[in-house]
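Novice:
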Amino acid sequence: MARLLPALILCLGLPLAAAAQPTATTNDPFAQLKMQADQAQQQGDYNKSVQLASQVLQQKPDDHVAYYLRASARVESGREQGNTQTIREGVSDAREAIRYSQNQNINYYLPYLYGMMNLAVMENKKSHAETALNVANQVLARPNLSTEERANFHYQRGMIYLPLNKPREAAQDFSETIKLSPNHFAALLALPDAYALAGENDQALASFNQVIEKQPNSPVVYNNRAMFYQQQGKLQEAINDFSRAIQLDPNYHHAITNRGFAYLEGGKPDTAEADLSKSLSIAPEQPFVLGMRGEARLLQGKIAEAIQDQTRAVQLDPQNPALHSDLGFSYFFNQNYNEALTQFNQATQLAQDQMKVLNPWVYLAMVRNNQKAEADAKFQTVLAEKPEARDSVDMLTAFLMGGVTEADLLKSIDQKDPQRAKAQTCEAHYFIGQKALLAGDTATATQNFQQSLNTGMRNLSAYRGAQYALKKF
Numbered sequence: 009m010a011r012l013l014p015a016l017i018l019c020l021g022l023p024l025a026a027a028a029q030p031t032a033t034t035n036d037p038f039a040q041l042k043m044q045a046d047q048a049q050q051q052g053d054y055n056k057s058v059q060l061a062s063q064v065l066q067q068k069p070d071d072h073v074a075y076y077l078r079a080s081a082r083v084e085s086g087r088e089q090g091n092t093q094t095i096r097e098g099v100s101d102a103r104e105a106i107r108y109s110q111n112q113n114i115n116y117y118l119p120y121l122y123g124m125m126n127l128a129v130m131e132n133k134k135s136h137a138e139t140a141l142n143v144a145n146q147v148l149a150r151p152n153l154s155t156e157e158r159a160n161f162h163y164q165r166g167m168i169y170l171p172l173n174k175p176r177e178a179a180q181d182f183s184e185t186i187k188l189s190p191n192h193f194a195a196l197l198a199l200p201d202a203y204a205l206a207g208e209n210d211q212a213l214a215s216f217n218q219v220i221e222k223q224p225n226s227p228v229v230y231n232n233r234a235m236f237y238q239q240q241g242k243l244q245e246a247i248n249d250f251s252r253a254i255q256l257d258p259n260y261h262h263a264i265t266n267r268g269f270a271y272l273e274g275g276k277p278d279t280a281e282a283d284l285s286k287s288l289s290i291a292p293e294q295p296f297v298l299g300m301r302g303e304a305r306l307l308q309g310k311i312a313e314a315i316q317d318q319t320r321a322v323q324l325d326p327q328n329p330a331l332h333s334d335l336g337f338s339y340f341f342n343q344n345y346n347e348a349l350t351q352f353n354q355a356t357q358l359a360q361d362q363m364k365v366l367n368p369w370v371y372l373a374m375v376r377n378n379q380k381a382e383a384d385a386k387f388q389t390v391l392a393e394k395p396e397a398r399d400s401v402d403m404l405t406a407f408l409m410g411g412v413t414e415a416d417l418l419k420s421i422d423q424k425d426p427q428r429a430k431a432q433t434c435e436a437h438y439f440i441g442q443k444a445l446l447a448g449d450t451a452t453a454t455q456n457f458q459q460s461l462n463t464g465m466r467n468l469s470a471y472r473g474a475q476y477a478l479k480k481f
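If you read the sequence shown in this note's numbering, its first letter stands for residue 9, the second for the next number, and so on.
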């Protein structure tokens, strides 16, 4: 099983245009509150913006500007916190703003579209994006849009195309946005990413370079080009760009985190740990960064510190199955099989379809925890399967249970894909070594653990397990 590291952090900038700004008039007693709500939102204080807009709406329930401001703040806050309910409340507020304005202010659609797009991504429901796309098409069909409005809605529609897996259409909209508004920063950032998603890597790099020419002092641009380089396997170029982003903004913790991930991927866990610690010193409650630092510490043999980080990560994000499984592996390597089982079971409950890969680890942990009879009963269906129906995970589990021989396990390795073959070889020899240990044959166990390490598959938990079995870091 590959370690479940978090993805790189892509920054696309603020998607909402400054629209419907409240202005103080002698006829509006709430203008000052609305201006303060808008200022709070521009400063990123979304809770304060919501509170101020709500004060207005308590006294004037049909104030469409207040609804717009609260909609924008709620959508941004929900996106930032990963809270879909807050986003839904923002979408509802946007609808009210549209209704009470009698559909006169086109910019009130912006938080609605942005909210629906984020719901599509966070809930993995294309229907939200399809609904938003229909609305965006209707808005763009209006003949009286200003150039700025048309640019903003092309950008929004481009963002909606992304969760619909239509990156080329997204790129067309982002390009149109830039034609209409050459310095539209969010579109400038989004265009190369859309090209990359479409597999048009040459255009993506050219687009990144063009953005840097226009915005040479923007740390976000360097962060995003670095991500592109890393995804192309160009780690040094990625590290150089992340470093430039950090040079421009020493407190830009997203770039610091991403550089730490690049160092981790490049086999420098000690350097990665330093970056991840710096990111956490700036923003302490980042569960995925804590998990990643735990991984970096684990790779150095600092298992107690790794468990501490991963435990905190789970506390901060208890519904994340990947964090539970990673903590389970660390407990397993530390020979705390009872706690390993607790975390593996939690991960499986949260994402049953994705966690079959844990089966051989769960079986072995149960055996090590003096629960062999229960383990055999739990996985008896694996032995009942026809041999041709077993996948690689089933083969490992069946081998541990005595249902297939070592020769059968090694013969089942898929040789058609060299990378897959290396991964399966690493895992096969690790579990052969574990079974030998159970039988008291330390020489055979050591030989097989070394064969796991010889594959060089550093991203696999089996590789990590072999490191801990042999104490080689």
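Quick reminder that beta carbons are idealized off the backbone N, C-alpha and C, glycines included. Keep in mind it's a predicted model, so treat the numbers as computed, not measured.
Report the option in 399, 408, 409 and 233 whose CA atom is closest to the CA atom of residue 421.
Specialist: Closest by alpha carbon: 399.
Novice: CB residue 119 to CB residue 85, shorter than 7 angstroms?
Specialist: Against a cut-off of 7 angstroms, the Cβ pair of residue 85 and residue 119 comes out as no contact.
Novice: How should residue 134 be labelled, buried or exposed, when 16 other C-beta atoms within 10 angstroms of its C-beta is the threshold for buried?
Specialist: Exposed: under 16 other Cβ atoms inside 10 Å.
Novice: Starting from the C-beta of residue 251, find all residues in its chain whose C-beta is less than 7 angstroms away, skip the five residues before and the five after it, and write them out in chain order.
Specialist: So the qualifying residues of the chain are 267.
Novice: Would you give the residue range spanned by the alpha helix (DSSP H) that residue 241 belongs to?
Specialist: Unbroken run through residue 241: none, as it is neither H nor E.
Novice: Tell me which same chain residues have a C-beta within less than 6 angstroms of the C-beta of residue 437, skipping the five on either side of it?
Specialist: Hits under 6 angstroms: 456, 459 and 460.
Novice: With a CB to CB cut of under 7 angstroms and the five nearest residues on each side skipped, what residues in its chain are close to residue 279?
Specialist: Excluding residues within five positions, the ones whose Cβ falls inside 7 angstroms are 271.
Novice: Look at the alpha carbon of residue 468 and the alpha carbon of residue 45, and state the distance between them as a whole number of angstroms.
Specialist: Their Cα atoms are separated by approximately 49 angstroms.
Novice: Hey, quick one: how far does the alpha helix (DSSP H) through residue 430 stretch, first residue to last?
Specialist: Residue 430 -> alpha helix (DSSP H) spans 426-446.
Novice: Could you check where the alpha helix (DSSP H) with residue 289 kicks off and where it finishes?
Specialist: That run of the alpha helix (DSSP H) goes 277-290.
Novice: Examine the Cβ distances between the stretch 254-267 and the stretch 291-308 and report whether three or more of them are shorter than 8 angstroms.
Specialist: In short, these stretches touch, since the Cβ pair count reaches three.
Novice: Report all residues from its chain with a CB closer than 8 angstroms to the CB of residue 349; omit the five preceding and five following residues, and keep chain order.
Specialist: Once the five neighbours on either side are set aside, the close Cβ partners of residue 349 are 336, 370, 373, 374 and 377.
Novice: Is the distance from the Cβ of residue 205 to the Cβ of residue 175 below 7 angstroms?
Specialist: Yes, they are a contact pair.
Novice: Beta carbon of residue 417, beta carbon of residue 407: below 7 angstroms?
Specialist: Going by C-beta atoms, residue 417 is nearer than 7 angstroms to residue 407.
Novice: Which complete alpha helix (DSSP H) runs does the stretch 333-390 hold, if anything under 4 residues is left out?
Specialist: Whole alpha helix (DSSP H) segments, 4+ residues: 345-358, 367-376 and 380-386.
Novice: Start and end of the alpha helix (DSSP H) containing residue 262?
Specialist: Start and end: 261-273.
Novice: If I follow the unbroken alpha helix (DSSP H) through residue 68, where does it start and stop?
Specialist: Element bounds for residue 68: n/a, residue is neither H nor E.
Novice: Excluding the 5 residues preceding and the 5 following residue 516 in the sequence, name in chain order all residues of the same chain whose CB lies nearer than 7 angstroms to its CB.
Specialist: As displayed, the chain neither begins before 9 nor continues past 481, which places residue 516 out of reach and without an answer.
Novice: If we call anything under 7 angstroms between Cβ atoms a contact, is residue 301 one with residue 281?
Specialist: Cβ atoms of residue 301 and residue 281: closer than 7 angstroms.
Novice: Indicate the three-state DSSP secondary structure (helix, strand or coil) for residue 131 in the structure shown.
Specialist: Residue 131 falls in the coil class under three-state DSSP.
Novice: Assuming residue 234 contacts residue 202 (C-beta within less than 8 angstroms), just tell me the rounded distance between them.
Specialist: Residue 234 to residue 202, Cβ: 18 angstroms. No contact.
Novice: Would residue 541 and residue 58 be called neighbours here (beta carbons separated by less than 7 angstroms)?
Specialist: Residue 541 lies beyond the range of the chain shown here (9 to 481); nothing can be said about it.
Novice: Determine the closest residue to residue 127 out of 90, 363, 162 and 217, with distance taken between C-alpha atoms.
Specialist: It is 90.
Novice: Going by the CB atoms, is the gap between residue 198 and residue 489 shorter than 7 angstroms?
Specialist: For the chain, the structure presents residues 9 to 481; residue 489 sits outside this window and is missing.
Novice: Quick check on DSSP: helix, strand or coil for residue 153?
Specialist: If DSSP states are grouped into helix, strand and coil, residue 153 belongs with coil.
Novice: First and last residue of the alpha helix (DSSP H) that includes residue 216?
Specialist: Element bounds for residue 216: 209-222.
Novice: So what's residue 29 in DSSP terms, helix, strand or just coil?
Specialist: Interpretation of residue 29 is limited by its pLDDT of 49, a score under 50 that renders its predicted location unreliable; no figure is taken from the coordinates.
Novice: Rounded to a whole number of angstroms, what is the C-alpha to C-alpha distance between residue 429 and residue 423?
Specialist: When rounded, the distance between both Cα atoms is 5 angstroms.
Novice: Which residues mark the beginning and the end of the alpha helix (DSSP H) in which residue 188 is found?
Specialist: Counting along the chain, the alpha helix (DSSP H) containing residue 188 begins and ends at 175-188.
Novice: Counting along the chain, where does the alpha helix (DSSP H) carrying residue 317 start and finish?
Specialist: Here the alpha helix (DSSP H) through residue 317 covers 311-324.
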